[in-house]
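Worksheet: the structure to be examined is printed underneath.
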Amino acid sequence: MKNKENNRILSAAGIVGKQVGLIIIALILATIFLAASGYEPLAIVNGILEGLTVDVAGTIRWATPLVLAGLAICVTYKAEVFNLGVDGQLYMGAAAATAVAVNLPKDMNHLVSLLIVFLAAMAAGALFAMIPALMKVYLDTNEVVSTLLLNFIAALYVEYLVTGPLRDPEAGTNLNASAVLGENTWLPRISFFEPSSANVGFYIAIVVMIILTFVFFRTSFGHEIKIVGSNPVLAKYAGMKPKKTILQVMAMSGAIAGIIGAVEVTAVQHRLLAGFNPDFGFDGIVVSLLANNNPIGVLFSGIFFGALKNGGINMERITDVPSAVTDIVTAIIFITISAKFVIPKLRRKGTEKTPVRQGGK
Amino acid sequence: MAVAVEMLNISKFFPGVVANDNVSLSVNEGEILGLIGENGAGKSTMMNMLYGMMEPDLGVIKLFGKEVRIQSPNMAIKLGIGMVHQHFMLMPNLSVLQNIILGKAPTKNGLIDTKAAKEKIQEIMDTYDLPVNLDEKVYQLSVGEKQRVEIIKALYREAKILIMDEPTAVLTPTETDKLLEVLRLLKSKGCAIIFITHKLREVMAITDKIVVMRKGLVTGTLSTSEANTEGLSDMMVGRKVNLNIERNEYQPGENVLEVKDIRALNQRGLPALNGISFQVARGEVVGIAGVEGNGQTELIEVVSGMLKPTSGQVIFKEKDVTAQNVRQRRESGMSHIPEDRLKMGSATNCTIRDNLILNRYYQKAYCRNGILNNKKLHDLSENLCKDFDVKTPDSDYKLGTLSGGNMQKVIFAREMEADPDLLIAAQPTRGVDIGAIESIHHKIIEVRDSGRGVLLVSAELDEILSLSDRILVMYEGEIMAEFKRGEADERTIAVYMTGAKRQGGDNDEK
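Residue numbers (full-length UniProt numbering), protein chains in the order written: chain V, 1 to 361; chain B, 1 to 510.
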C-alpha cells in the first residue's frame, strides 16, 4: 500500500517536472529569440523573476483572470468539449455585471449588491455559452467554430453598449465606457498590495478551483463528466445523458467566464470599457493545457502566466523590449505542449503491439 | 531445408512483468510454425523482437544461421522479415499500388517508375494467386483484400520470413479458407511462416509444427501431426479446458422479455428490423444466429433502450418498457454486454474502478447528495476484480492496461453485479482466448440455471449451438427460422442465415 502511495507521488512529481521542463525550453527559445533580435536576452526571465518576487501584486492581478479562464477551459475539456468562447462569455458577464451594478441603489449593502452583480454575470456567461452548447447537442454544430465566432458578437455587442445604451453621458468624447459603478458594487482590492489592482477575485478563483476539484474527483457528476469525456457511447450505454452533461459543463464554463468579466469590471476598471479583455480566454487554453487540465495545476500555471504577463508589462516599461514578446513565450509553450501530446503518440505507435500486461501478483 | 529463423533462450522483462522467460523457437524454410497462447502469453512480444520493435534482454536471434541484432522494423525488412499486423498498416486514401511501393518505389530519372512497379507486383500476384486491383483506393477494399495487400507488400519487399499476427481474426470463413491456401502456396515456394492465432482448428489445418506459450514460457513444442486440439488447449490454459458445460434440464419459466413486432431504422435511416417478435423465458438461453449486419446490433439497441423503434413493443417482466430509457431498464434488471467492448462497453483511459461502478456510482448506497463514497466504491471494485478473476494488482490501474480477455471480465463483472433478470450478451467471447471463453460460457449457463433469461447474439455458430436452448436465425431484419436445442446443426442454420430458405414459407411466423 505504502509502495503504491510512493509511486503515485513519484508519478505526480514526474508530471510536474515535465511541465516545468516545457517552461524552461520555452524560456530558452524566447531568450535566443531576444538575443537574435538584438534585445536584452534575459529580459523575459528577469521579468518573470521580478513578477514572482518583487512585484507579486501585479502577478496576482493578472493571475486572477488567467486562473479563472484556465478553470473555465478545463471544465469543458474534461468532457471533451472545447469552449473557445470564454472571451465572449466574459464580455457578456461584464456587460451584465455593469448593467445590474449601475442600476442598483447606491446605498444597498455592499455584500448583497456584489452578490447580485456576480450572479448576474455568471448567469449571462452561462446563458451565452448555452447558445453553442444547444447547437452542438441538438444540431451537431462543431462547438469549436460556433464558440469562436460568438466571441466577435459578444465583443462588438459590448462596444455597442458602451457607445450607446450604457455610455457614460458625462464621459469625454474620446472615451467609450459606461459610468463608473457605485462603490457598493466594487470588489475590494487586497489592501496588502495597494495601490495595485490585485483584488479579492484571486480568492474567488481559489474557491472556484477548490469547488471544481471536489466536483471532478468526489461527485457522481464528476464521474459522469469523466465518462462522457472519455467515451460518450459508453455513457449512453450506461444510461447517462451525455447531452445533458455537455450542457451542464458548458454552463459551468460560461458562468466561470462570467466571473472573470465581473471581476474585471468591479475590481479593476470599475466601469465597462470597450475591448477591456486582452484575450484572457485564449490564454486560458494554454493555462489549462500546461496544467494537464487539472484544476489544482491550473492555479499554479495561472500564476506563472500571470507573472509572465506582468513581467512583460514591466519589461516594456523599463527596457525597450515590447511586451508582445510574452505572447511569443506563450506561443512557444503552446507549441511545446502540443509536441508533448504528439511525441508520446508517435512513440506509442512504434511499440503499440507491446503487451505490457499486468500479470497477477 | 535450411533453418530460417532461430530465436534462442530469449528473455524480455518489463517493469514488474516477465514477458518472455527463456523462450526458444525455430522455423525452417518452407515451413509454417503455429505460435499459440492466450492473450498476454508473450507471443506478440516475441514477434515484436523478431520484427525489431524491441530488443531482447537476454538471448540470441539467428537468421539463416547468422546471428543478428534487429534494431528496427526497417532493419527487419532489409533482413527479409515481413509482418502482417492484425490491424492493417495501410493508408486508406492511397491506391493499392501506392501502398505497396510506399518507401521502396522503383525510380527512373528521379521519378517513380509505375510500370516497373506494376510488373513486379503483377508477377507476385500471379505467382502466389493474390489478385487485387492495383488502382483501387485501399478504403474501398474488403478486409480480406486489405490483408492480401499487406501480404503483397511484404513479398514486394522480398520477405522470406512472414509473420502473420492473428490473420484470421477479422476474416469470414471463406476468406479464411482462401488465406490458408495462399499460405500453403507461399510455403511451397520456400517461405518461412510464423502464424499467430488462438484458433486451434486453423493451427491443426495449416501448420507443420506448433509452439505453445503461456505466461511468458513455452509450455510445448511439438509437430502438428502429433498434436490434437484438446491437448493444445490444455497446454495453452495450463489445465483441462471444458467447453462442454453441464447445464440443468431445460425448464423455461415465465417470459422475462417479450419483443412484439419491432420495426426500427439503422443509423443511416434504412430499415434494419422488419417486424421482429420473440420471447425469452426465465431459465433459457435464446441464441440469435446470423451473418453480422442483419439487424442484430439494432435489435440489441432496441431491447436495451438505446434505439427507439419506429413501431412495436418491448415488454420486460410483464411491463411495457418501450418508452423507458436505458437507466430505467437497467434498474429494473436488464444487463447488457455490448458487442464492441472498446467502442461501447468501456473507457480505456479511465481506471478499472471507473468502469466497474457505472451501474452503481449514482445510487444511494454509494453516493449521498451527489458526493461519492469512494471507500465503498473502492471495496466494490476490488471485490468484483477478485470475484471475476480480473488480473490486475488493483482497480486503480487504467483499464487500457488490461488484455482483451481481462477487459471483457471487467465488463462481465459490472453487468453481473447488477443481478439482472435478463442478460443480453452480444459477441461475449469475441477476441478473447480459450480460458476466458470457457469462463464466460460457464457464467452464461450459470445465469440461465439460476432462473434468469439470456439473450445471446453471436457470430460464432459454435457458440450459439453449444449455449442456446432455442436458436433464432436472423436475416435482413427478420427471423427466418427457429430451432430447439439439438434440432439443427451448423449447416442447416447456415442455409437460413444466408436467406436462401425460410421456415414455413413466406410470412408464416413460427
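C-beta atoms are modelled at their ideal positions from N, C-alpha and C, and glycine is treated no differently.
Three or more Cβ pairs closer than 8 Å define a contact, and the region 272–285 of chain B meets that threshold against the region 242–254 of chain B. In this structure, the beta-carbon distance from D87/V to N151/V falls below 8 Å. Beta-carbon to beta-carbon, G312/V and S323/V are separated by about 4 Å, close enough to satisfy the 8 Å threshold. Taking the Cα positions, K136/V is about 6 Å away from N142/V.
Non-local C-beta neighbours of A413/B in its own chain, meaning closer than 6 Å and more than five positions away in sequence, comprise L384, F388, ordered along the chain. Taking 8 Å as the threshold, the shortest C-beta distance from Y77/V to chain B does not fall below it. Rounded to whole angstroms, the gap between the alpha carbons of T53/V and A94/V is 31 Å. In terms of Cα proximity to L222/B, the closest of L377/B, V203/B, G435/B, R247/B is V203/B. For P165/V, no alpha helix (DSSP H) encloses it, and the DSSP letter there is neither H nor E. For Y475/B, the enclosing beta strand (DSSP E) stretches over residues 470–475.
For A264/B, no alpha helix (DSSP H) segment is defined; the enclosing uninterrupted segment is the beta strand (DSSP E) at 255–265.
One thing to note: K12/B has its Cβ no nearer than 8 Å to the Cβ of M47/B. Per DSSP, the continuous beta strand (DSSP E) segment holding S335/B begins and ends at 334–337. Taking the Cα positions, G51/V is about 52 Å away from N406/B. DSSP places E482/B in the uninterrupted beta strand (DSSP E) bounded by 478–484. For N314/V, the uninterrupted alpha helix (DSSP H) run begins and ends at 295–318, by DSSP. In this structure, I206/B lies away from L35/B, with their beta-carbon atoms at least 8 Å apart.
Neighbourhood of A4/B in chain V, by CB distance below 9 Å: empty, with the nearest CB roughly 22 Å away.
At least 8 Å separates the CB of I204/V from every CB of chain B. If you draw a 10 Å sphere on the C-beta of G42/B, you find 16 or more other C-beta atoms in it, and that means buried. Within 10 angstroms of the beta-carbon of T185/V lie 16 or more other beta-carbons, which makes it buried.
In chain order, K12, A19, N20 place their CB closer than 6 Å to the CB of T45/B, counting only its own chain and leaving out the 5 sequence neighbours on each side.
Within chain B, no C-beta atom comes less than 9 Å from the C-beta of S323/V; the nearest is roughly 39 Å away. In this structure, the beta-carbon distance from V3/B to G80/B does not fall below 8 Å. The three-state reading of DSSP puts P232/V in helix, counting H, G and I together. In terms of Cβ geometry, V84/B and A169/B do not form a close pair [threshold 8 Å]. Proximity of G239/V to chain B, defined by a Cβ-Cβ separation below 8 Å, is satisfied. For the region 208–233 of chain V, the set of positions with a beta-carbon nearer than 7 Å to some beta-carbon of chain B reads R218, T219, S220, F221, H223, K226, I227, S230, N231, V233 in chain order. Rounded to the nearest angstrom, the Cβ distance from M306/B to V326/B is 6 Å, consistent with a contact under 8 Å. For K244/V, the closest Cβ of chain B is not nearer than 8 Å.
When rounded, the separation of the alpha-carbon atoms in K108/B and K115/B is 10 Å. In this structure N292/V touches I15/V by the C-beta definition: roughly 6 Å separates them, less than 8 Å.
When beta bridges are read from the DSSP output, F214/V appears opposite no residue.
For Q296/B, the closest C-alpha among the options I424/B, L63/B, L465/B is that of I424/B. A straight-line Cα-Cα distance of about 19 Å links I210/B and G435/B. Neighbours of R330/B in chain V, taken as residues whose beta carbon is under 7 Å from its own, are G239 in chain order.
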